[in-house]
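Here is the structure we will look at.
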Amino acid sequence: MAENTIQRIKHYLDYKGIKVSALEKQVGMSNGSFASQLKNNKTIGLDKLENILNKYTDINLDWLLTGKGEMLKFDVLEENNSKLYKKTDKNSLNRAIPLYNIQTTSGIIDLFGNNEYQTPVDHVSIPTISECDGALYVIGDSMYPVLKSGDIVVYKKVFHLERNIVWGELYLVYINNDGNDFFFTRFLKQSEKESYVQLVAQNPDHQTIEFPISTIKALALVKASIRVNSQF
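Each residue of the sequence shown is one higher than the one before, counting from 1 in the UniProt record's numbering.
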């Protein structure tokens, strides 16, 4: 049986790691109503559908209504024989980028998931940079001297990891391995082990570590960094 619109919404939620309860709260649905409609194979009202599209702006409307095309609104770009995906947004230049000050792994998980509880502490703007999803303060010295604790990194989330990792670039990486959560700022390099990835630090005091690519639950390309050298 072909998927209907509400089943495709659930497929999107699963892909993005968004809880059904979060969607219901964010688009004005009563608790449990979406799950009930999904279970009974019902349709969703136009007003709620409009709220969903306004909240989750990366959903491809054609895919949502017909099932045809890509789930997300991405343009495909070719760079060094690797595919990158960039949101279709013609007004992205010079826009304010939300800056988050997160000190815990749970905060990172939420930020890279449904971002329900994270509020920006400020915004930054970088002229001519293409669209970014946010900015974070760096914690730790694993990337010193490229980055030092207190620097700001500006990031863009990456999807379809199996074809969109550009090896050798700097990434924010959230990993869940055997039930343990890790968050790294590292260069990604191909491992000699099949289906593994190397996380390479700049600081020689930090060893290169390897994880299965399948343990990467969220990934973001570091597109820029900001360092404040003086407060006066």
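For each residue, glycine too, the CB sits at the ideal point set by N, CA and C. All figures in this text were calculated on a predicted structure; none of them were measured in a lab.
Between which two residues does the alpha helix (DSSP H) carrying ILE109 extend?
-> For this step, residue 109 is matched to residue 109 along the sequence shown. Per DSSP, ILE109 belongs to the alpha helix (DSSP H) from 105 to 112.
Output the boundary residues of the beta strand (DSSP E) element that contains PHE184.
-> Within the sequence shown, numbered from 1, the residue matching residue 184 stands at position 184. Segment 180 to 190, the beta strand (DSSP E) holding PHE184.
Can you tell me whether DSSP reads GLU24 as helix, strand or coil?
-> Start at 1 with the first residue of the sequence shown, and residue 24 comes out as number 24. Reduced to three states, the DSSP call for GLU24 is helix.
How about LYS193 and GLY168: do their beta carbons lie closer than 8 Å?
-> The count along the sequence shown starts at 1 and reaches residue 193 at position 193. The count along the sequence shown starts at 1 and reaches residue 168 at position 168. Taking 8 Å as the Cβ cut-off, LYS193 and GLY168 do not qualify as a contacting pair.
Nearest residue (CA-CA) to MET143, options ASN31, THR104 and LEU199 | For this step, residue 143 is matched to residue 143 along the sequence shown. Comparing alpha carbon positions, the residue from ASN31, THR104 and LEU199 closest to MET143 is LEU199.
Measure the Cβ-Cβ separation of ASN54 and GLU70 and say whether it is below 8 Å.
-> Within the sequence shown, numbered from 1, the residue matching residue 54 stands at position 54. Within the sequence shown, numbered from 1, the residue matching residue 70 stands at position 70. The answer is no: Cβ separation not under 8 Å.
What are the start and end residues of the beta strand (DSSP E) that includes TYR174?
-> Here residue 174 refers to the residue found at position 174 when the sequence shown is read from its first residue. TYR174 -> beta strand (DSSP E) spans 170 to 177.
DSSP bridge partner residues for GLN7 (one or two, in chain order) = The count along the sequence shown starts at 1 and reaches residue 7 at position 7. Its beta-bridge partners do not exist; DSSP assigns none.
Answer yes or no: do ASN225 and ASP151 have a C-beta to C-beta separation smaller than 8 Å?
-> Residue numbering aside, residue 225 sits at position 225 when the sequence shown is read from its first letter. Residue numbering aside, residue 151 sits at position 151 when the sequence shown is read from its first letter. Reading off the sequence shown, one finds Ser at residue 225, where the question assumed Asn. Yes, Cβ-Cβ distance for SER225 and ASP151 is below 8 Å.
Look at SER195 and ILE213 and say whether their C-beta atoms are less than 8 Å apart.
-> The residue labelled residue 195 in the question sits at position 195 within the sequence shown. The residue labelled residue 213 in the question sits at position 213 within the sequence shown. Yes. Within cutoff.
Which of helix, strand or coil does DSSP assign to SER33?
-> One-based indexing of the sequence shown puts residue 33 at position 33. In this structure, SER33 counts as helix in the three-state DSSP scheme.
On the three-state DSSP scale, how would you describe ASP47?
-> Stepping through the sequence shown from its first residue, residue 47 is reached at position 47. Note: ASP47 maps to helix in three-state DSSP.
Where do the N-terminal and C-terminal ends of the alpha helix (DSSP H) with GLU162 fall, by residue?
-> For the purposes of this step, residue 162 is identified with residue 162 of the sequence shown, where counting begins at 1. 161 to 164 is the extent of the alpha helix (DSSP H) around GLU162.
Please go through the region 190 to 232 and give each complete beta strand (DSSP E) segment of 3 or more residues, from N-terminal end onward.
-> Restricted to the region 190 to 232, the beta strand (DSSP E) segments that are unbroken, complete and at least 3 residues in length are 196 to 200, 209 to 212 and 216 to 226, listed in chain order.
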